[in-house]
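Peer 1: This is the structure I have questions about; it appears just below.
There are 2 protein chains.
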Amino acid sequence: MPVPFAELIQARQSVREYRDLPVADRDLQQLIEAVRLAPSASNSQPWRLIIVNDPEKKNRIARATFSALVSFNRFAVQAPVIAVLTIERPKIVTQIGARLKDREFSLIDIGIAAEHFCLQAAELGLGTCMIGWFDEEEVRRVLHIPAKTRIGLLITLGHPPEGYPLRPKTRKKVRDMCGLNTY
Amino acid sequence: MPVPFAELIQARQSVREYRDLPVADRDLQQLIEAVRLAPSASNSQPWRLIIVNDPEKKNRIARATFSALVSFNRFAVQAPVIAVLTIERPKIVTQIGARLKDREFSLIDIGIAAEHFCLQAAELGLGTCMIGWFDEEEVRRVLHIPAKTRIGLLITLGHPPEGYPLRPKTRKKVRDMCGLNTY
């Protein structure tokens, strides 16, 4: 059922526990569509989205997100799906603009696309968690991603356990993040 | 009225024409809230949002988005509001992670926050356009932004003219942007 956008962004949260339940193809297709329609600088669409639900590959990628030292992503093995967003070369005009303005638009675009994925998932009742810390080389190996292609983000996806709590959001106060007509 | 997320992302488009009509305070507050609640790497919230609706300042910023040579942003002067998203230094842990992984998470976060703004605006019936091309020094000057602070994006905001057309989205086909279990 549609909810106001203000409710949807409250419902989206990082989910770090998943039920042992696959994600329906129809839901996957809707998530792909949400990424596909995301806006980007000069409409470059500088990404590729890889949906990983093959258990062996998915587990190898999950294990590439943690180590003995960095263990906060251990939950990733529970997720039945991991989505991988690569950073593709934008159009020449965007590349020149990015160079001139020293601002890597592709990363901004990856953020937009990833959030389309996570908000759409929240509407479908699915949980997600964006993961920026992973062994890029290993993920490339598992998915045959070209050596020169950077990986922007991984996103875990699955059904949260029943009763998984909606945590209140800890954020800066408006006065600490917003200005009117001045910094 | 709430619409499914799939409809909301269809409704959001770059609007490059605006009516001479201010944006209501209540709408501005809802837009600020949508940015405030955006997720970010390690919840760093590495941004500051400046709402510019003072006509003189707004016009100076609008004029900083185009020149005789680069004229595609001329429409910006029509917008009654321009929102400015600065890139603030994330938490130390995020900075170290970004350095180690050579991935500037702050830009991904700016993209997420900006899209929260644009989707919320679309729901409110308002039009937006993200602008990545602008004279950063001049925008800093107008808004007293510290010299070391980078500006991520400007977003124009206002009421589209009546009957402003919803353009069909030109995007890559699914098979050209998506893979299943392999790149």
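For the protein sequence lines, the chains are A and B, in the order given. 115 is the number that my numbering gives to position 115 of the first sequence; each next residue is one higher, with no gaps. 136 is the number that my numbering gives to position 136 of the second sequence; each next residue is one higher, with no gaps. Built from N, CA and C at the ideal position, the CB exists for glycine as well.
Could you pull out every residue in the same chain whose Cβ sits closer than 6 Å to the Cβ of A/Asp135, ignoring the five residues on either side in sequence?
Peer 2: Beyond the five residues adjoining it in sequence on each side, A/Asp135 comes within less than 6 Å, by CB distance, of Ala64 in the same chain, given in chain order.
Peer 1: Along chain B, which residues have their Cβ under 7 Å away from the Cβ of A/Thr65?
Peer 2: In chain order: nothing, as chain B lies at least about 12 Å away.
Peer 1: Please report the distance separating the alpha-carbon of A/Lys173 from that of B/Arg48.
Peer 2: 11 Å
Peer 1: If distances are taken between C-alpha atoms only, which option among A/Ala38, A/Arg60 and A/Ser14 comes closest to A/His116?
Peer 2: A/Ala38
Peer 1: Is A/Phe72 buried or exposed, if buried means 16 or more other CB atoms sit within 10 Å of its CB?
Peer 2: exposed
Peer 1: Can you check whether the C-beta of B/Phe105 is within less than 9 Å of a C-beta belonging to chain A?
Peer 2: yes
Peer 1: Checking the sheet assignment: what are the DSSP bridge partners for B/Ala84?
Peer 2: What sits at residue 84 of chain B in the sequence shown is Val, not Ala. In the DSSP output, where bridge partners are listed per residue, B/Val84 has B/Ile50 and B/Leu154.
Peer 1: Spatial neighbours of A/Gln120 within its chain, please: CB distance less than 7 Å, with the 5 preceding and 5 following residues excluded, ordered by chain position.
Peer 2: Gln30, Leu31 and Ala34
Peer 1: Give the C-beta separation of B/Cys129 and B/Arg16 to the nearest angstrom, bearing in mind that I take them to be a contact with Cβ-Cβ under 8 Å.
Peer 2: 6 Å
Peer 1: So which residues on chain B does A/Lys172 lean against when the C-beta distance must stay under 8 Å?
Peer 2: Arg36 and Gln45
Peer 1: So A/Gly111 and B/Gly97 are supposed to be a Cβ contact under 8 Å. How far apart are they, rounded?
Peer 2: 16 Å between Cβ atoms; not a contact.
Peer 1: How do the region 169-183 of chain B and the region 41-55 of chain A stand: do at least 3 beta-carbon pairs fall below 8 Å, yes or no?
Peer 2: yes
Peer 1: Comparing the C-beta of B/Arg48 with each C-beta of chain A, is any distance below 9 Å?
Peer 2: yes
Peer 1: Could you work out which residue in B/Asn43, B/Lys58 and B/Gln45 is closest to B/Leu157 when comparing CA atoms only?
Peer 2: B/Lys58
Peer 1: Which residue from A/Pro146, A/Leu124 and A/Leu154 puts its Cα closest to that of A/Ala11?
Peer 2: A/Leu124
Peer 1: If we require 4 or more residues per run, which alpha helix (DSSP H) segments fall completely within the region 32-78 of chain A?
Peer 2: 55-63
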